[in-house]
Structure formats: C-alpha cells, structure tokens
Amino acid sequence: MTAILSLRGVTKSYGSGDLQVQALRGIDLDVPEGDFLAITGPSGSGKSTLMHILGCLDVPTTGSYELAGVDVSQMSESDLAHVRNREIGFVFQQFNLLQSQSALRNVELPMVYAGMARAERQDRAAEALERVGLGDRLDHKPTQLSGGQQQRVSVARALVTNPTMILADEPTGNLDSVATTDVLELFHALHDQGRTVVVITHEADVAASAAHAVRIRDGRLSHEAAGV
Ligand SMILES: Nc1ncnc2c1ncn2[C@@H]1O[C@H](COP(=O)(O)OP(=O)(O)O)[C@@H](O)[C@H]1O
Ligand SMILES: [Mg+2]
Numbered sequence: 001m002t003a004i005l006s007l008r009g010v011t012k013s014y015g016s017g018d019l020q021v022q023a024l025r026g027i028d029l030d031v032p033e034g035d036f037l038a039i040t041g042p043s044g045s046g047k048s049t050l051m052h053i054l055g056c057l058d059v060p061t062t063g064s065y066e067l068a069g070v071d072v073s074q075m076s077e078s079d080l081a082h083v084r085n086r087e088i089g090f091v092f093q094q095f096n097l098l099q100s101q102s103a104l105r106n107v108e109l110p111m112v113y114a115g116m117a118r119a120e121r122q123d124r125a126a127e128a129l130e131r132v133g134l135g136d137r138l139d140h141k142p143t144q145l146s147g148g149q150q151q152r153v154s155v156a157r158a159l160v161t162n163p164t165m166i167l168a169d170e171p172t173g174n175l176d177s178v179a180t181t182d183v184l185e186l187f188h189a190l191h192d193q194g195r196t197v198v199v200i201t202h203e204a205d206v207a208a209s210a211a212h213a214v215r216i217r218d219g220r221l222s223h224e225a226a227g228v
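Residue numbers for the sequence shown, in full-length UniProt numbering: 1 to 228.
Written out as structure tokens, the structure reads:
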C-alpha cells in the first residue's frame with residue numbers, strides 16, 4: 001500500500017530564545033492510504049501541533065512531509081489551500097460551526113469557497129446531513145442542536161467535499177459517551193468507504209476502536225498495537 005502521509009524527522013518549535021518550546025522533536029510516520037489511525041497522547045504532548053502539520057495548516061520547522069507523494073514544503077500557499085479544501089475534511093473538538101447559520105448553511109460553506117453553484121451546494125449539503133442522520137435538522141442553528149448533533153454537522157461539513165482524508169482533533173472531547181459512539185460510527189463508515197481517517201485523541205477507548213494507534217509523548221512518537 002502507498003503511504004498517503006509520510007513524515008521524516010519532523011520537528012516544530014514555537015517562539016525563540018528562553019521562551020522556545022519544542023513541540024515536536026523528530027516525528028517519523030507513514031500512514032497507508034485507507035488506514036484508520038489514532039494518535040494518542042497526554043495534554044501538551046504535541047497532538048494538535050502534529051494535526052496542524054498533517055492538515056497543511058502549519059509547516060514543520062525542520063524535516064519533510066509528503067502528502068500523496070508531494071512534498072508539502074515545496075507547495076505555494078495557494079496549492080496548500082487547494083489541498084486543504086479538496087483533499088482533507090477537518091473535524092475539531094469545538095465543532096467550529098458558525099452560530100448564526102443553519103446546519104445546511106454550515107455544511108454548504110466549503111462548497112461556497114470552492115465556487116459551486118447554489119442549488120448543487122444545497123443538494124449536496126442536505127445529502128451529507130442525511131448521511132449523518134440529521135436530515136430533519138437542516139434549518140436548525142447550532143444552539144438548537146445537542147453537542148453530538150453539532151459534531152455530526154461538522155462531520156457532514158468535513159465529508160461534503162468528498163475528501164480523501166478525514167483529520168479530526170479530539171472530535172469526541174466535548175461529547176458524552178452516547179454521542180462519542182455515534183461520531184465514531186460515522187468515522188468507521190467513512191473508513192469503510194475507503195477514506196483515510198486520522199483521529200487525534202487522549203481517550204484510550206476512542207484509540208482502541210481504530211485500526212492502528214501511535215502514541216506521542218513530549219513530541220516523540222512510539223508505535224503500538226491497536227487496541228491500546
Ligand atoms: N502557538 C503556540 N505557541 C507556543 N507554544 C505552543 C503553541 N501551540 C502549542 N504550544 C506548545 O507546544 C506543546 C504542544 O502543544 P499541543 O500540540 O497543543 O499539544 P496537545 O494537542 O497534545 O495538547 C505544548 O507545550 C504547548 O504549550
Ligand atoms: Mg490538542
């Protein structure tokens with residue numbers, strides 16, 4: 001299998017001088033296409049920093065990162081934006097939904113940025129919301145939805161562009177156990193359709209449901225068997 005993500009010696013430091021923080025200290029990682037990988041680790045270990053690099057939201061200080069065989073450090077900002085919009089669906093702990101907009105409109109947004117016509121956008125957004133079980137909540141605003149439903153809206157937003165990879169940072173961190181199970185089932189369904197899913201979590205039971213897991217501690221990875 002080809003690696004869709006390949007990192008070699010990736011480091012990331014923030015700040016400078018006495019205030020410098022070494023968030024990543026040399027990460028080597030290959031993620032095969034179609035994998036379901038969990039990245040676990042305690043608070044402050046570098047999980048979100050790694051997610052930002054994997055998602056092309058930030059670049060390594062040193063080391064290399066290839067996404068689908070392309071060296072990300074050689075890409076222009078517009079190429080990176082294109083990759084983020086087309087290849088990656090993001091899911092965050094805080095849902096990151098626009099509070100004043102309906103579920104439908106929130107899911108339409110990535111397609112607005114992609115310049116798609118309104119009618120097609122709305123059809124696709126409604127279809128994505130049906131897939132996550134919210135076909136009857138299209139006009140609800142985030143405040144009118146439970147946490148688990150809001151996270152399902154953000155999963156719909158992540159999948160509506162048909163990305164090759166879903167990248168999630170603590171997607172169940174704000175959810176109760178029932179909603180956690182719902183969201184994990186959605187990720188498994190996306191994985192079963194052939195998508196690569198990378199979930200960053202500090203919850204052992206979430207990691208245990210993945211096909212593979214790696215652990216990060218003080219900016220370094222250790223590989224371990226699934227079912228940690
Ligand atoms: N923008 C930033 N500026 C300075 N330090 C940061 C920044 N982001 C993260 N850090 C530091 O980098 C380390 C790793 O943070 P992070 O990747 O957010 O960890 P995690 O997601 O595992 O909790 C922590 O020590 C954190 O304080
Ligand atoms: Mg984090």
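Cβ coordinates follow ideal geometry from the N, Cα and C atoms, glycine included.
All of these numbers come straight from a predicted model, not from anything done at the bench.
- Comparing C-alpha distances from A68 to each of V10, P60, R84 and V153 shows the shortest one belongs to R84.
- In the assembly as shown, P42 is an exposed residue. Its beta-carbon has fewer than 16 other beta-carbons within 10 Å.
- Checking the 7 Å criterion, the Cβ of D182 is out of range of every heavy atom belonging to ligand 2.
- Shown here for T180: same chain residues with a beta carbon closer than 6 Å to its own, the five before and five after excluded, namely T172 in chain order.
- Non-local beta-carbon contacts of V206 in its own chain, meaning distances under 6 Å to residues more than five positions away in sequence, involve T172 in chain order.
- When secondary structure is reduced to three states using DSSP, R220 falls in the strand class.
- CA-CA distance, I27 to T61, rounds to 12 Å.
- By the CB criterion at 8 Å, V183 and G133 fall outside the cutoff.
- With contact defined as three or more Cβ pairs closer than 8 Å, the stretch 18-26 and the stretch 73-81 are not in contact.
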